[in-house]
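Take 311 as the starting number for the sequence shown in the working numbering and just add one per residue.
A short worksheet on the structure shown next.
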Amino acid sequence: MRTHGVREVGRSSRPTPTIFDEVMDGKPIYMNKYKSISRRRHYLIIFISLVLAWGAFWIYREYQTIPQYVIPALPNMEMPKESQTILVFAPHCDDETIAAGGYINKALNAEANVKVILATNGDGHYAGTAEEFNKIYPSSSNYIDSGYDRQKETVSALSLIGLDKSNITFLGFPDQGTKLMLTKYWDKAYKSPFTEDTRSPYSNSYHPNQEYTGANMENDIYELLVKYQPSIVIVSNPDDKHPDHAALYEYVYRAIQKSGLKPDLYTYLVHYDYFPYPSGLRKDKYLSPPLKLVGFNGIWHKFDLDTETENLKQAALERYKSQIKVPFLHKLMLGFVRKNELFYKVNY
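See the structure below:
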């Protein structure tokens, strides 16, 4: 005889349903509810795990760089050769040294013919100009004066590296305006909100008093390409986060196509999320490209720097005094003093 609701020895430990228990499919309803909750919890854990895994992958893919141990396996950029003509294009006064100071020095030591072309004078940098002139609201003339000062810094830095002033060309186009010239002001004048000019106000520009248009900038670059007939061209990367950097690549690429020349084309990166990584002065580390920028239309190359060249590059960067006064810029600039420089060879 079974006592209602009491377990018998040797039988299942499952409570015997009572007349008060609801039954579904032959089982107490509370068991069905338990299994349903357990199943939902299981699915929730799987969903959260997938979201976390995807988030971790996205962060790594978006911001992380190629691991340090991979960099020595990257192909080496060829050492410059005697009498080889190399054009280095930079959006602002300092980018040429940040990205390619070591390479320029080695090219000059090899007696290559190096020309550095500055698209703008960096005359739209508020923080540096405000610091330099001790003004919350710098005037247009202050911005122009800062442009001349940045030219002098470039001449000083490159002379330390070994480049004579006669091999530097200042195009004089507007800082933070070249992208708009490319997209909206191709054949009409762009007005700089900093210098308040629609023409180059610099007496030493490649074409003084030239109107700020995209067509004029492309024509200047085309003229220089035809004049120097380079075998190697180095310019800012089109994926750079700074619009002047991305735009300069487009100008140079279009001018190369127009010229019919076929130089080896290399690009360099300066402004990108969490780049360089790790940040700051790390002479013991390699400069490593963001994983997201590993593509199929070209390949990253490294150019190794010895300790002496690293030290020379650091000393040259310290000559951009208007920039190193700004803490985050100082940290960024010194972040490029590494065991190598990095160039992306474009297939075209």
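Positions of the beta carbon are idealized from the N, C-alpha and C atoms, including for glycine.
Query, Result
"Y576 and I544 closer than 8 Å at C-beta", "yes"
"C-beta contact flag for L418 and L473 at 8 Å", "yes"
"C-alpha gap between L615 and E651, whole angstroms", "7 Å"
"Assigned secondary structure, N541 (DSSP; H/G/I helix, E/B strand, else coil)", "Rather than Asn, the amino acid found at residue 541 in this sequence is Ser. Coil at S541, not helix or strand."
"Boundaries (first-last residue) of the beta strand (DSSP E) holding Y436", "Segment 436–443 is the alpha helix (DSSP H) holding Y436; no beta strand (DSSP E) there."
"Segment contact flag, the region 547–559 with the region 389–404, C-beta cutoff 8 Å, min 3 pairs", "yes"
"As assigned by DSSP and simplified to three states, the class of W496", "coil"
"Cβ shell of R648 (< 8 Å), same chain only, five flanking positions each side left out", "P586, R592, K593, K595, Y596, L597, L615, E620"
"Host alpha helix (DSSP H) of T617 (start-end)", "617–627"
"Candidates K655, V604, P573: closest to T395 by CA position", "P573"
"Alpha carbon of A625 to alpha carbon of I446, nearest angstrom", "30 Å"
"Cβ-Cβ distance between E392 and A422 below 8 Å", "yes"
"Same chain, Cβ closer than 7 Å to K641, five either side skipped, listed in chain order", "S589, G590"
"Validate contact between the region 489–501 and the region 425–442 using beta carbons, cut 8 Å, 3 pairs", "no"
"Inter-residue Cα distance where the pair is F653 and D530", "24 Å"
"Own chain, CB closer than 7 Å to S541, minus 5 neighbours either side, in chain order", "Q394, T395, P573, D574"
"Beta-bridge partners of I471, as assigned by DSSP", "In DSSP, I471 forms no bridge with anything."
"Y576 - containing beta strand (DSSP E), residue span", "574–578"
"Rounded distance between the beta-carbons of N547 and L579, thought under 8 Å", "5 Å"
"CB contact flag (F638, I408, <8 Å)", "no"
"CA nearest to the CA of G482, picked from V426, N514, K501", "N514"
"Residue of Y512, T439, N657 minimising C-alpha distance to Q567", "N657"
"DSSP state of H640 mapped onto helix, strand, coil", "helix"
"Whole-angstrom distance between A363 and F330, CA atom to CA atom", "Residue confidence for F330 is low, a pLDDT of 45 falling below 50, so the modelled location carries little weight and cannot support an answer."
"Simplified DSSP state of E528, which is helix, strand or coil", "helix"
"Bridge partners - S546, DSSP secondary structure assignment", "Y578"
"beta-carbon G457 near the ligand SAM non-hydrogen atom, thresh 7 Å", "For the structure depicted, the ligand SAM is absent and the ligand set is empty, with no information on it obtainable."
"Spatial distance of F613 from A383 (CA atoms)", "12 Å"
"Same chain only: Cβ atoms within 6 Å of F443, ignoring 5 sequence neighbours per side", "N452"
"Proximity to V424 [Cα-Cα], best of R349, P390, Y630", "P390"
"Cutoff 6 Å; reference G320; Cβ partners in own chain excluding five residues on either side", "Note on G320: pLDDT 49, under 50, position unreliable in the model; the coordinate value appears next. There are no such residues."
"Residue closest to F504, alpha-carbon to alpha-carbon, out of Q633, P448, L622, K475", "P448"
"Simplified DSSP state of G315, which is helix, strand or coil", "The predicted position of G315 is uncertain, since its pLDDT is 47 and thus under 50; no value can be drawn from it."
"Cβ shell of Y561 (< 8 Å), same chain only, five flanking positions each side left out", "A429, T488, L492, G524, M527, E528, I531"
"Closest Cα partner of A467 within the set S632, K655, E628, L644", "E628"
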